[in-house]
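See structure below.
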Amino acid sequence: MLALWLLELRAEFPGAQVTAEASGGRRLVEGLMQARLDIAVMHIAPEEPTLEVNRLMDDELVLVTTDPNGGYEDRYVEIAWPMDAHAKAQREELDARVRTTIDLGFSSVNYLIISQGAGYLPRRLIDPYVQAGQLYRVAGAPTFNCPIYVVRRLGYEAPKAERALRILRDLASLAVKGELPPPFWSQMG
């Protein structure tokens with residue numbers, strides 16, 4: 037979704053400087069505070085009184101496996117997604133058996149497929165792989181929500197930033213409905 041947002045921003049503002057960075061929350065907050073960034077998209081809402089935080093969307097995390105029969109216990113990989121205490125408690129039984137933990141974000145899908153693993157991934161990410169028969173949803177497994185926030189400096193308003201936020205919200209709405217095009221790497225054999 038963020039790559040599509042950047043393409044939309046380039047089309048909407050052809051002469052504007054657009055800088056994007058993938059980083060940890062602390063670095064993104066610093067970028068906002070130092071006015072290096074106008075907008076940040078984050079999984080964990082910062083508790084900073086000078087920042088405006090709005091929920092953009094929720095990713096539904098679903099348990100998937102490479103086993104066509106739905107087996108996952110012997111291949112479960114803990115993928116580090118920010119979750120609330122209730123969701124973490126529900127996953128404790130699985131986490132007790134974890135042999136591998138990764139924090140690769142959306143690249144985690146590649147690891148699961150290559151390693152013949154299983155783990156929780158965003159539904160909007162795994163749908164193309166499920167349709168292609170590379171991943172299978174585990175029947176009866178609980179799902180979890182992983183919030184995504186848009187953050188900016190409190191009181192910061194600029195016409196281009198407002199338009200950029202509208203574009204992002206429109207893309208998030210499409211993402212939640214599963215109407216974004218699949219990522220190019222999901223179509224590679």
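Take the sequence shown: its letters are residues 37 to 225, numbered as in my numbering. Ideal placement from N, C-alpha and C gives every residue a C-beta, glycine not left out.
Inter-residue spacing [alpha-carbon to alpha-carbon] between V98 and I75:
Along the sequence shown, read from residue 1 onward, the residue named residue 98 stands at position 62. Along the sequence shown, read from residue 1 onward, the residue named residue 75 stands at position 39. Approximately 28 Å, taken between the alpha carbons.
Inter-residue Cα distance where the pair is F49 and A177:
Indexing the sequence shown from 1 puts residue 49 at position 13. Indexing the sequence shown from 1 puts residue 177 at position 141. Approximately 44 Å, taken between the alpha carbons.
Which residues DSSP lists as bridging D94, in chain order:
Here the question's residue 94 lines up with position 58 in the sequence shown. Answer is P183, bridged to D94.
Give me the Cβ distance between Y185 and L92, rounded to the nearest whole Å; I'm assuming they're in contact under 8 Å.
The residue labelled residue 185 in the question sits at position 149 within the sequence shown. The residue labelled residue 92 in the question sits at position 56 within the sequence shown. In this structure Y185 touches L92 by the C-beta definition: roughly 6 Å separates them, less than 8 Å.
Are P82 and G60 touching if we call contact CB-CB under 8 Å?
Position 46 of the sequence shown, counted from the first residue, corresponds to residue 82. Position 24 of the sequence shown, counted from the first residue, corresponds to residue 60. No, they are not a contact pair.
If you drop the 5 nearest sequence neighbours on each side, which residues of the same chain put their C-beta closer than 6 Å to that of V54?
Here residue 54 is taken as the residue at index 18 of the sequence shown, counted from 1. Once the five neighbours on either side are set aside, the close Cβ partners of V54 are L45.
Whose C-beta lies closer than 6 Å to the C-beta of V73 among residues of the same chain, with five residues either side of it excluded?
Position 37 of the sequence shown, counted from the start, is the residue given in the question as residue 73. Residue 73 is actually Leu in this sequence, not Val. Excluding residues within five positions, the ones whose Cβ falls inside 6 Å are G67.
For Y147 versus V100, is the C-beta distance shorter than 8 Å?
For this step, residue 147 is matched to residue 111 along the sequence shown. For this step, residue 100 is matched to residue 64 along the sequence shown. Against a cut-off of 8 Å, the Cβ pair of V100 and Y147 comes out as no contact.
Would M78 pass as a contact of A208 if the rule is Cβ separation under 8 Å?
Taking the sequence shown and counting its residues from 1, one reaches residue 78 at position 42. Taking the sequence shown and counting its residues from 1, one reaches residue 208 at position 172. In this structure, A208 does not lie closer than 8 Å to M78 by Cβ.
Beta strand (DSSP E) containing E274: first to last residue?
Outside the shown range of the chain, which is 37 to 225, sits residue 274, and nothing can be said about it.
Coarse secondary structure for L43, derived from DSSP in three states
Here residue 43 refers to the residue found at position 7 when the sequence shown is read from its first residue. For L43, the three-state secondary structure derived from DSSP is helix.
Using the rule of at least 16 other Cβ atoms within 10 Å of the residue's Cβ for burial, across every protein chain shown, is D95 buried or exposed?
In the sequence shown, the residue the question calls residue 95 occupies position 59. Its Cβ being crowded by 16 or more others within 10 Å, D95 is buried.
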